[in-house]
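Q: Shown below is the structure under consideration.
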């Protein structure tokens, strides 16, 4: 169950959405250092997997690949999404975080005190990053890999939330790493997070707590097969 | 220190943000006035030029020499103002008109249709449907203009360094983020950047001189200046026995700041 929130937090939760090899991890780590908050991604997936008794890999696959027809009609997807949302809200209630894992902008959608950031980078930079990380990978293979991952994520978001993951109106701030270094992007995002709009007040914490409790209840129902509506 | 171009839809709150940003940074601000300055250079009315810069062009008119001259004139007026390295510009297509300029920061502001509609309703006394139609018409015209002239989608976030959403962020918030970004090292005004700004201004002056000359107006010529050396490129019909080449040289050499002209023009026979 969600814990009582700490009283000394004032800075927003930051969610970072980005394509693979877009430099999102570097920006998230820079922000975490600057703000003194943990930078989380897989940790949330791990907590959700533990809650469901599933492996982290299974959960990651459910979040990254387009489900088949049967999976679309079953309640399975709702269960996985709800587990990750619950784990993410629990983490938010423990203290401010920078979340650069999957679908943060949707998992915390509509909640106050959340700054939703999208990072974009030209394909060329992303391809070079991937080739540097995997020395044996050729340019063509790197381009194909990035395009396929992007396409899978776009489809998954479309199917799950009915939105285009690249639509800037889903985010408070979109930062282009074509010109800006990760450090400069980090400075811009930190400035946005410091704005009064995103301040985490007692009222904001109350909303998060209520939402986390609702998520826990819903997850219990879904895992016990008692949910009374289709996703 | 940066040249900041703010791109936004009509009634998105962009002007308020631009004014606040310019005041915060102590930069000059430029909007529609650039049209007036360009119109004076070309000897046409500001209304004509503004219409050409915002009406939907047809694919064919993209290639018309007059439309090219209008765009070149606006670009040159903008380059004059941007040469100091400090400017907030909130007119049409700043990022595209100044493409290639160093220390250029492009910001796109987005706002929900609902809030924009409300502004138009209050301003013109329109009903919701009418106000929405008005905004969509303006948005489509601008998007079409950018698509036809530059082949780009004005909404594509990849064209901008920052996209700021006024649905959740206040005008003060967007201004603070843009100001902080402008302080980053990518936008530092070094001596090398100053030289490139001067080169950009000179290139724009040369392009304007060629576009304003009756003999050269119809030719598709490009200019790239470095340290007073103007390199002229283009694809030009060879039909006047060398007179066109002499004219290009003469017009370009007359631009203050140009001390050498290098012709790299591709001549072709129009009647092979």
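Protein chains in written order, with our numbering: chain E, 241 to 471; chain R, 3 to 274. C-beta: ideal position from N, C-alpha, C; glycine also. Because the structure is a prediction, the values reported are computed rather than measured.
Return the CA-CA distance between residue 17 of chain R and residue 431 of chain E, expressed in angstroms with no decimal places.
A: Position 15 of the second chain holds residue 17 of chain R. Position 191 of the first chain holds residue 431 of chain E. Cα to Cα, the separation comes out at about 21 Å.
Q: For residue 178 of chain R, which residues of its own chain have a beta-carbon under 7 Å away from its beta-carbon, when the five flanking residues on both sides are left out?
A: Within the second chain, numbered from 1, the residue matching residue 178 of chain R stands at position 176. Cβ neighbours of residue 178 of chain R beyond the five flanking positions: none.
Q: From the beta carbon of residue 178 of chain R, is the nearest beta carbon of chain E less than 8 Å away?
A: Looking up residue 178 of chain R in the second chain gives position 176. Taking CB atoms only, residue 178 of chain R has a neighbour in chain E less than 8 Å away.
Q: Hey, how far is the Cα of residue 451 of chain E from the Cα of residue 329 of chain E?
A: Against the first chain, residue 451 of chain E aligns to sequence position 211. Against the first chain, residue 329 of chain E aligns to sequence position 89. Each residue's Cα considered, the two are about 8 Å apart.
Q: Taking a Cβ distance cut-off of 9 Å, strictly less, list which residues of the region 432 to 448 of chain E are near chain R, in chain order.
A: Listed by position, the residues of the region 432 to 448 of chain E near chain R (Cβ gap below 9 Å) are 432, 434, 435, 436, 437 and 438.
Q: Using a 10 Å radius around the Cβ and a threshold of 16 neighbouring Cβ atoms, would you call residue 412 of chain E buried or exposed?
A: By 1-based counting over the first chain, the position of residue 412 of chain E is 172. Flag for residue 412 of chain E reads buried.
Q: Tell me residue 222 of chain R's beta-bridge partners as DSSP assigns them.
A: By one-based count along the second chain, residue 222 of chain R stands at place 220. Answer by DSSP bridge pairing: none, since residue 222 of chain R is not bridged.
Q: I'd like to know if the region 289 to 299 of chain E and the region 378 to 395 of chain E are in contact, where contact means that at least 3 CB-CB pairs between them fall below 8 Å.
A: no
Q: State the Cα-Cα distance for the pair residue 253 of chain E and residue 339 of chain E, rounded to the nearest angstrom.
A: Along the first chain, read from residue 1 onward, the residue named residue 253 of chain E stands at position 13. Along the first chain, read from residue 1 onward, the residue named residue 339 of chain E stands at position 99. The alpha-carbon atoms of residue 253 of chain E and residue 339 of chain E are separated by roughly 8 Å.
Q: Beta-carbon within less than 8 Å of residue 319 of chain E's beta-carbon, same chain only, minus the 5 sequence neighbours each way: which residues are those?
A: Here residue 319 of chain E refers to the residue found at position 79 of the first chain. Only 292, 459, 462 and 463 meet the Cβ criterion.
Q: Can you give the Cα-Cα distance for residue 244 of chain E and residue 445 of chain E, rounded to whole angstroms?
A: Along the first chain, one-based indexing puts residue 244 of chain E at 4. Along the first chain, one-based indexing puts residue 445 of chain E at 205. Per-residue confidence for residue 244 of chain E stands at a pLDDT of 44, beneath the threshold of 50, marking its modelled position as unreliable; the derived number appears in the next sentence. Rounded to the nearest angstrom, the two C-alpha atoms are 9 Å apart.
Q: Assuming residue 447 of chain E and residue 347 of chain E are in contact, meaning their beta carbons sit under 8 Å apart, how far apart are those beta carbons, in whole angstroms?
A: The sequence position of residue 447 of chain E within the first chain is 207, counting from 1. The sequence position of residue 347 of chain E within the first chain is 107, counting from 1. Between residue 447 of chain E and residue 347 of chain E the beta-carbon gap is near 15 Å, outside 8 Å, which marks them as no contact.
Q: Please say whether residue 195 of chain R and residue 93 of chain R have beta carbons closer to each other than 8 Å?
A: Numbered from its first residue, the second chain carries residue 93 of chain R at position 91. Numbered from its first residue, the second chain carries residue 195 of chain R at position 193. No; because the gap between Cβ atoms is not below 8 Å, this pair is not in contact.
Q: Between the region 196 to 215 of chain R and the region 95 to 106 of chain R, are three or more C-beta pairs nearer than 8 Å?
A: yes
Q: Which bits of chain E does residue 104 of chain R rub up against, with CB to CB less than 8 Å?
A: Within the second chain, numbered from 1, the residue matching residue 104 of chain R stands at position 102. Within chain E, no residue comes near residue 104 of chain R; the closest Cβ sits about 11 Å away, beyond 8 Å.
Q: What's the gap between the Cα of residue 326 of chain E and the Cα of residue 75 of chain R?
A: What you label residue 326 of chain E is simply residue 86 of the first chain in a count that begins at 1. What you label residue 75 of chain R is simply residue 73 of the second chain in a count that begins at 1. Cα to Cα, the separation comes out at about 57 Å.
Q: What are the residues that DSSP puts in a beta bridge with residue 416 of chain E?
A: By 1-based counting over the first chain, the position of residue 416 of chain E is 176. DSSP output for residue 416 of chain E lists E:360 as bridge partner(s).
Q: Measuring only between beta-carbons, confirm whether residue 123 of chain R sits less than 8 Å from chain E.
A: For this step, residue 123 of chain R is matched to residue 121 along the second chain. No, residue 123 of chain R does not count as interfacial toward chain E.
Q: Let me see if you follow: with CB-CB separation under 8 Å, is residue 160 of chain R close to chain E or not?
A: Numbered from 1 along the second chain, position 158 holds the residue referred to as residue 160 of chain R. It does; some Cβ of chain E falls within 8 Å.
Q: Listing by chain order, which chain R residues have their CB less than 7 Å from the CB of residue 412 of chain E?
A: Here residue 412 of chain E refers to the residue found at position 172 when the first chain is read from its first residue. Near residue 412 of chain E (Cβ distances below 7 Å), the residues of chain R are 167, 170 and 171.
Q: Quick one: which unbroken alpha helix (DSSP H) runs of 4-plus residues sit fully inside the region 330 to 400 of chain E? Chain order, please.
A: 344 to 347 and 363 to 373
Q: Just to confirm, are residue 37 of chain R and residue 20 of chain R a CB contact at a threshold of 8 Å?
A: Locating residue 37 of chain R in the second chain gives position 35, counting from the first residue. Locating residue 20 of chain R in the second chain gives position 18, counting from the first residue. The answer is no: Cβ separation not under 8 Å.
Q: Counting only beta-carbon atoms, is residue 182 of chain R nearer than 8 Å to chain E?
A: The residue labelled residue 182 of chain R in the question sits at position 180 within the second chain. It does: the Cβ of residue 182 of chain R has a partner Cβ on chain E nearer than 8 Å.
Q: Here's a check: name, in chain order, each residue in its chain whose Cβ is nearer than 7 Å to the Cβ of residue 332 of chain E, leaving out the five neighbours to either side.
A: Reading the first chain from its first residue, position 92 is the one you call residue 332 of chain E. Non-local C-beta neighbours of residue 332 of chain E in its own chain, meaning closer than 7 Å and more than five positions away in sequence, comprise 253 and 448, ordered along the chain.
Q: Is the shortest distance between the beta-carbon of residue 186 of chain R and the beta-carbons of chain E less than 8 Å?
A: The sequence position of residue 186 of chain R within the second chain is 184, counting from 1. Yes, because at least one Cβ of chain E sits closer than 8 Å to the Cβ of residue 186 of chain R.
Q: Let me see if you follow: with CB-CB separation under 8 Å, is residue 100 of chain R close to chain E or not?
A: Counted from its first residue, the second chain places residue 100 of chain R at position 98. Not closer than 8 Å to any Cβ of chain E, the Cβ of residue 100 of chain R fails to qualify, so no.
Q: Output yes if chain E places a C-beta closer than 8 Å to the C-beta of residue 155 of chain R; else output no.
A: In the second chain, the residue the question calls residue 155 of chain R occupies position 153. Chain E, which has no Cβ nearer than 8 Å to the Cβ of residue 155 of chain R, makes this no.
Q: Can you check whether the CB of residue 262 of chain E is closer than 8 Å to the CB of residue 1 of chain R?
A: One cannot answer for residue 1 of chain R here, as it falls past the ends of chain R, which runs 3 to 274.
Q: Looking at the unbroken alpha helix (DSSP H) that takes in residue 260 of chain R, where does it start and where does it end?
A: Position 258 of the second chain holds residue 260 of chain R. It is not in any alpha helix (DSSP H) - residue 260 of chain R carries neither H nor E in the DSSP assignment.
Q: For residue 44 of chain R, which three-state DSSP category applies?
A: The sequence position of residue 44 of chain R within the second chain is 42, counting from 1. Here residue 44 of chain R sits in helix by DSSP.
Q: For residue 243 of chain E, name the three-state secondary structure that DSSP assigns.
A: What you label residue 243 of chain E is simply residue 3 of the first chain in a count that begins at 1. Legend: pLDDT at residue 243 of chain E = 44, less than 50; position of this residue unreliable, value from coordinates given subsequently. Residue state, collapsed to three classes: coil.
Q: Consult DSSP for residue 103 of chain R and reduce its assignment to one of helix, strand or coil.
A: Stepping through the second chain from its first residue, residue 103 of chain R is reached at position 101. Here residue 103 of chain R sits in coil by DSSP.
Q: State yes or no: is the C-beta of residue 433 of chain E within less than 8 Å of the C-beta of residue 251 of chain E?
A: Looking up residue 433 of chain E in the first chain gives position 193. Looking up residue 251 of chain E in the first chain gives position 11. Yes, these two residues count as a Cβ contact at 8 Å.
Q: Any idea what DSSP makes of residue 254 of chain R, helix, strand or coil?
A: In the second chain, the residue the question calls residue 254 of chain R occupies position 252. Three-state DSSP puts residue 254 of chain R in a helix.
Q: Can you give me the Cβ contacts of residue 32 of chain R inside the same chain, cut-off strictly under 8 Å, excluding the 5 residues immediately before and after it?
A: In the second chain, residue 32 of chain R corresponds to position 30, counting from 1. The residues are 80, 83, 89, 90, 91, 92 and 93.
Q: Roughly how many angstroms lie between the CA atoms of residue 42 of chain R and residue 69 of chain R, to the nearest whole one?
A: Position 40 of the second chain, counted from the first residue, corresponds to residue 42 of chain R. Position 67 of the second chain, counted from the first residue, corresponds to residue 69 of chain R. Residue 42 of chain R and residue 69 of chain R: Cα-Cα distance of roughly 16 Å.
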